[in-house]
Structures are given as structure tokens and as C-alpha cells.
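Worksheet: one structure, shown below.
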Amino acid sequence: MFPKGSLLYNVLLFLKGMLMGVANKVPGVSGGAVAYVLDFYNELIYSFQKINGKAFKLLIKGRFRSLYNYINAKFLMYIVGGMVFSYFTVSKILDYFLQHNELQVWSLFFGMIIGSGIYLIKKYKDWEFKSYVSLAIGISVGFAITFIHPSGQNDNLWFVFLCGVIGVSGMTIPGLSGSYILMLLGNYVFLLVDSVNILNDVLVGVFTGNTAIIYDPNNQKYLIIIAVFTLGSILGLIFLSQILAFVLGRWGKVVNAVIIGFILGSLGTVWPWKEKIYAQNNGVFLTDNFNRKIVVGFHKYFPDFSTEQTWIALLFVIIGVVLVLGVERFSKTN
Numbered sequence: 001m002f003p004k005g006s007l008l009y010n011v012l013l014f015l016k017g018m019l020m021g022v023a024n025k026v027p028g029v030s031g032g033a034v035a036y037v038l039d040f041y042n043e044l045i046y047s048f049q050k051i052n053g054k055a056f057k058l059l060i061k062g063r064f065r066s067l068y069n070y071i072n073a074k075f076l077m078y079i080v081g082g083m084v085f086s087y088f089t090v091s092k093i094l095d096y097f098l099q100h101n102e103l104q105v106w107s108l109f110f111g112m113i114i115g116s117g118i119y120l121i122k123k124y125k126d127w128e129f130k131s132y133v134s135l136a137i138g139i140s141v142g143f144a145i146t147f148i149h150p151s152g153q154n155d156n157l158w159f160v161f162l163c164g165v166i167g168v169s170g171m172t173i174p175g176l177s178g179s180y181i182l183m184l185l186g187n188y189v190f191l192l193v194d195s196v197n198i199l200n201d202v203l204v205g206v207f208t209g210n211t212a213i214i215y216d217p218n219n220q221k222y223l224i225i226i227a228v229f230t231l232g233s234i235l236g237l238i239f240l241s242q243i244l245a246f247v248l249g250r251w252g253k254v255v256n257a258v259i260i261g262f263i264l265g266s267l268g269t270v271w272p273w274k275e276k277i278y279a280q281n282n283g284v285f286l287t288d289n290f291n292r293k294i295v296v297g298f299h300k301y302f303p304d305f306s307t308e309q310t311w312i313a314l315l316f317v318i319i320g321v322v323l324v325l326g327v328e329r330f331s332k333t334n
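Just so we're aligned: 305 in the UniProt record's numbering is position 305 of the sequence shown, and the numbers increase by one with no gaps anywhere.
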């Protein structure tokens, strides 16, 4: 691999952050799983764990260099920077393909999760009884989440804050998709699509000299919403990282088996062959603030192998598997 601290190493960190950002935005796919498969999950969790009381004291005392080194700030800046960058760039491309080639996108992710499972099971050493039990628990919990019925949209600030705290789990707990949890809470489109798009429009407007865009009441509402959501995400990230660092240090082998189970269990969430179920009232589809039909669930079905579309989807599943295993093989030889 590239020497730590080199330009290429830092570029690679940024790209890893971008992959996490893309994964975090897709319901059913976990950014934490990306970090786990690409082998920087532990460093990520232990770096976030360092954002604690000691870090706050260093900040208050003005010991910025010590703070920078203590929280592993350089690593976090590249990873988080890549995530944020992807939200306004690559994830928009992903939104387009999800809208126009949904089956193929879900099939690709389905294959990538299968490939990740194969890689992680091979990587896990010294399987024993408690490992298999932990794996089974992880798979069961991950799969059970797919049967939870989504709620309706709620823009109360306390609930938005709670969504931030809970939704950040996709970054910290591999296999547990924060985006999918937000969908279950009814606020996925509201927080990760509408709010992000409006923030992007405001930033573009400000940089191009159109400052009037800030004073639009609707834009102000969404800016407050995304600020509260971000605050909840930051606090949730700090809190969860403390817990995860503790359990990884004490029960690392069991926790890793559960994580692999979570990732495999998420296959139920990203099952490609599904149709959206929309909210209705007396036969009339309900819509959100942007006049889009509100998704309340999915009807999943087995593919029809007599259609060309099914075989194309299966090809994308294979591509996803090969892609992950190919990256793993490449990383071993470099």
C-alpha cells in the first residue's frame, strides 16, 4: 500500500470517504460496512472516540496542535471530507440511476454485499461456537429490520434531532443502514434528499452572488432542519463511537462476528426485486412537499427468469461480487 501520510495515501482516504458517503445515502447499504470491508473501520471508530472531554479541554486551552494529533484530525478530515463531497456530487449521479435504472443499481449493491460477506467470512480467523451464534444473531437482527413498517414524515425539530442521532448508525455500525432507518422513520427523502438539495442550491446561490436565496422562508426552514439534523448526527456519532470502541476492545471477536451478520442480514433490505408501496387515502396517492408520492414500504417478489431484465439484473449481481473481491485481491498485491 501507499506510505501513510503520502499524497496518494491521502487521496485514497478521500476516495474511501466518498464511497462511505455514497453508501450512507442508499437505503439498505451501510457506510460502516464500506469502512469495515476496506479495513479502516477500527481507526475510524477510535478516532471519533477521541472527540471527548480531553479533546474539549485541549480546545479550551488553545492547544490546537495537540488537539489535532490527539483526535487523528488529518485522517478524519479526509474521510469526512470525502463523505461530504460525495453527498453533493457522486450521490446525485446515484440518485439519477436509482430513478432510471433502479433494478440494476439494487442488483449491483446486492452483489457487493454478497462479495463483502464472502471476503469477511474468509478474513475472520478461528471460528468457534460463540462466533457462529453471534453471526446468526447479527443476520437475524439485520434481516428482521426489513419487516418494520415505515412511519410518516415528521419535521418537528426534536424528531429531526433524534433522526440525526439514530441515522448516524449507518456510519458507525456496519450492516445497519442509517438511510434505511431514516426511511422507516419516514424522514429519508425529507432529510437526505430535499434538505441536501436545498442546501446545495443555497451554497451555489451564495457563491454566485445570489444572496437573496438565503432569505427565502422555505430555504430558511430547511437550513434550520439540516443544522439540527447535523447536530444530532455529530452527538450521536460521538456517543456511539464511545460505546463501540469499548465493546470492540473488550469483546472484539464476538462483535466482529455480529457485524458480519449485520452485513449479510442487510441482503433482505437491498433485495433488488421489489415494488414501492405508496401511501393512499381513499384511493388517492398522498404526496410530500415536492409533490412526490410517499413511499410506505416495499412489495418484494421472486424474479421471473423468463425475462431478459432478470438476467441483466443477475449480471449486475455478479459484477458486484467480482468488484468487491477484485478490490480485495488488488489490495493484497499492492
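Cβ coordinates follow ideal geometry from the N, Cα and C atoms, glycine included.
### Pick from Leu199, Phe229, Val228, Thr230 that is closest to tyrosine 215, judged by C-alpha positions
As a working mapping, residue 215 is identified with position 215 in the sequence shown. Nearest Cα to tyrosine 215 within the set Leu199, Phe229, Val228, Thr230: Leu199.
### Query
DSSP three-state call for asparagine 52: helix, strand or coil?
Position 52 of the sequence shown, counting from 1, holds the residue named residue 52. Looking at asparagine 52 - three-state DSSP - the assignment turns out to be coil, as it is neither helix nor strand.
### Query
Is there contact here, the stretch 109-116 with the stretch 236-252, by at least three beta-carbon pairs under 8 Å?
They do not touch, by the three-pair rule.
### Query
In three-state terms, what does DSSP make of isoleucine 277?
Your numbering for residue 277 matches position 277 in the sequence shown. Strand, per DSSP.
### Message
Please give the ranges of any alpha helix (DSSP H) in the stretch 40-115, keeping only runs that are unbroken, at least 4 residues long and fully inside the region.
### Response
41-49, 53-60, 64-70, 73-88, 90-100, all fully within the stretch 40-115.
### CA-to-CA distance, tyrosine 41 to phenylalanine 143, given in whole angstroms
In the sequence shown, counting from the first residue as 1, residue 143 sits at position 143. In the sequence shown, counting from the first residue as 1, residue 41 sits at position 41. Separation of phenylalanine 143 and tyrosine 41 (C-alpha to C-alpha, rounded to the nearest whole angstrom) is 22 Å.
### Message
Give me, in chain order, the residues of the same chain whose beta-carbon lies closer than 6 Å to that of leucine 267; leave out the 5 immediate sequence neighbours on both sides.
### Response
Position 267 of the sequence shown holds residue 267. These residues qualify, in order along the chain: Ile113.
### Query
How would you label glycine 167, buried or exposed, when you count the other beta carbons within 10 angstroms and need 16 or more for buried?
Counting from 1 along the sequence shown, the entry for residue 167 is found at position 167. Around the CB of glycine 167, 16 or more other CB atoms lie within 10 Å, so the residue is classed as buried.
### Task
Please name the residue, chosen from Ile121, Ile294, Tyr96, Ile145, that lies closest to tyrosine 188 on a Cα-to-Cα basis.
The residue labelled residue 188 in the question sits at position 188 within the sequence shown. It is Ile294.
#### Entry: C-alpha distance - valine 11 paired with valine 80, whole-angstrom precision
Counting from one through the sequence shown, the residue named residue 11 turns up at place 11. Counting from one through the sequence shown, the residue named residue 80 turns up at place 80. If you take the alpha carbons of valine 11 and valine 80, they lie about 13 Å apart.
### Message
Less than 8 Å between C-beta atoms, sequence neighbours within five positions excluded: which residues of the same chain meet that for alanine 55?
### Response
Reading the sequence shown from its first residue, position 55 is the one you call residue 55. Excluding the 5 residues flanking it on each side, alanine 55 has same chain C-beta neighbours closer than 8 Å at Leu67, Tyr70, Ile71, in chain order.
### Message
So asparagine 24 and glycine 17 are supposed to be a Cβ contact under 8 Å. How far apart are they, rounded?
### Response
Working through the sequence shown from its first residue, we reach residue 24 at position 24. Working through the sequence shown from its first residue, we reach residue 17 at position 17. Rounded, the Cβ-Cβ distance is 10 Å, inconsistent with contact.
### Message
By the DSSP assignment, the alpha helix (DSSP H) with glycine 21 in it spans what residues?
### Response
For the purposes of this step, residue 21 is taken as residue 21 along the sequence shown, with counting starting at 1. Counting along the chain, the unbroken alpha helix (DSSP H) around glycine 21 starts and ends at 7-25.
### Task
Spatial neighbours of phenylalanine 285 within its chain, please: CB distance less than 6 Å, with the 5 preceding and 5 following residues excluded, ordered by chain position.
On the sequence shown, position 285 is the one that residue 285 refers to. Excluding sequence neighbours, phenylalanine 285 sits near Tyr278, Lys293.
### Query
Any idea if valine 84 is buried or exposed, counting beta-carbon neighbours within 10 angstroms, 16 or more meaning buried?
Against the sequence shown, residue 84 aligns to sequence position 84. With fewer than 16 other Cβ atoms within 10 Å, it is exposed.
### Through-space distance from valine 193 to valine 254, alpha-carbon basis
On the sequence shown, residue 254 is found 254 positions in, with the first residue counted as 1. On the sequence shown, residue 193 is found 193 positions in, with the first residue counted as 1. Approximately 36 Å, taken between the alpha carbons.
### Query
Across which residues does DSSP place lysine 123 in a beta bridge pair?
Numbered from 1 along the sequence shown, position 123 holds the residue referred to as residue 123. Bridge pairing for lysine 123: absent [DSSP].
### Task
Would you tell me roughly how many angstroms separate the C-alpha atoms of tyrosine 87 and proline 303, rounded to the nearest one?
Counted from its first residue, the sequence shown places residue 87 at position 87. Counted from its first residue, the sequence shown places residue 303 at position 303. Tyrosine 87 and proline 303: Cα-Cα distance of roughly 32 Å.
### Span of the alpha helix (DSSP H) around valine 193
Taking the first residue of the sequence shown as 1, we reach residue 193 at position 193. If you look at valine 193, you'll find it isn't in any alpha helix (DSSP H); DSSP assigns it neither H nor E.
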